[in-house]
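Here's the structure we're looking at; comments come further down.
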Amino acid sequence: MRNILLPTDYSEYANNAFFYALNLANKFGVKLYVLYSYLPPILSSGHAGQPEMLTSVYQEIEASKHEYTQRKNQQLLVEAAQQQLDTTHVHFLFEPGTVLSTVKKVIAEYEISVVVMGVHGAGASNQFMGSNTSLVIRNVTLPILAIPRHARYSSIKKIGFTTIFKDKDLDALEQIMDIGTLVGAGVHCIHVKDDSVSPADVLLHSEKWSKHFKDKNMSFEFLEKENSVEQTVNTYIHENKLDVLAIVRRNRNFFERLMSSSLSQKLTFHAEIPIFVFHERNLAVENEYSNHTRKT
1 MRNILLPTDY SEYANNAFFY ALNLANKFGV KLYVLYSYLP PILSSGHAGQ
51 PEMLTSVYQE IEASKHEYTQ RKNQQLLVEA AQQQLDTTHV HFLFEPGTVL
101 STVKKVIAEY EISVVVMGVH GAGASNQFMG SNTSLVIRNV TLPILAIPRH
151 ARYSSIKKIG FTTIFKDKDL DALEQIMDIG TLVGAGVHCI HVKDDSVSPA
201 DVLLHSEKWS KHFKDKNMSF EFLEKENSVE QTVNTYIHEN KLDVLAIVRR
251 NRNFFERLMS SSLSQKLTFH AEIPIFVFHE RNLAVENEYS NHTRKT
């Protein structure tokens, strides 16, 4: 693994994700970049003839925001010290622009391999994730680790990976197995039986994967569907006390469905454990990071 990026707005969700990301960065021996992005003010055309005033206003607003971030950053460092966490490799970034544009900029400049983001639980707005988190997940090619506000870092011993045994799932599994090896965790490949997936294909792929990862700590779990796939996975997570769940985002509508109130109520595990999101169409790109990790 290379470096970790955490976009923040210093909310409760983002601060919780900071400490989770910091623990991971220390575990992996990598840098943690904490990004605060802001939109420069748009002043009215009435000030167009007063460039000196415009410059002064812009500078004052930026200075105020910068002072705010420095104060918040210091608070995070103090709390990290209280938790006896090493912050030697934490770097704070202050960038103008939208969250998405600044995230992409930082990824390109700082050799980021994973983006960590705090997520909202299903609340009064019935939104499962904040709009910025959802936007980043839809538009950034790297794996995203979504951290619910109630998730607390502890030793990762069990990682669940939901699969329908497509070839591209293997690319994601390669990366998950690398992470599992780094943290000493076993990987549970979870398949919920469904009429849309041929049993013969499931058997073929599971045997192939077993041979491919014969020396790894991996198991297969074939589950009968309960009321829904989500409920089945949810039950398995709770009964087996998984620490992290990894999923592959397969289509544009995935997170729109995920954020619907009916589905978010079913996915109650989201309030407790982090979720690694991989992108089916971009796994070939992401796998370059995994290959780099194995070479270094």
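Numbering (full-length UniProt numbering), first residue to last: 1 to 296.
Note that CB positions come from ideal geometry on N, CA and C, so glycine has one too.
Bear in mind that the values here come from a model prediction, so they are computed numbers and not experimental data.
Asked                                                                                             : Found
Exposure of residue 297, with buried meaning 16 or more beta-carbon neighbours within 10 Å        : Lying outside 1 to 296, the shown extent of the chain, residue 297 is not represented and no answer is given.
The segment 60 to 68 / the segment 145 to 160 touching (three or more Cβ pairs under 8 angstroms) : no
Cβ distance (whole Å) where L173 is taken to contact F161 below 8 angstroms                       : 6 angstroms
Per-residue burial, N3 [other beta carbons within 10 Å of its own, 16 or more giving buried]      : buried
Beta-ladder partner(s) of Y33, from DSSP                                                          : L5, H91
Neighbour-count burial assignment, Y58, 16 or more Cβ in a 10 Å radius                            : exposed
Boundaries (first-last residue) of the alpha helix (DSSP H) holding R138                          : 131 to 139
DSSP three-state assignment for E12, whether helix, strand or coil                                : helix
Distance between W209 and L170 (C-alpha atoms, nearest Å)                                         : 8 angstroms
For I164: DSSP bridge partner residues                                                            : Paired residues: none, contrary to the question.
Cβ neighbour criterion (16 or more within 10 Å) applied to V90                                    : buried
L39, DSSP secondary structure in three states                                                     : coil
Three-state secondary structure (DSSP) of A146                                                    : strand
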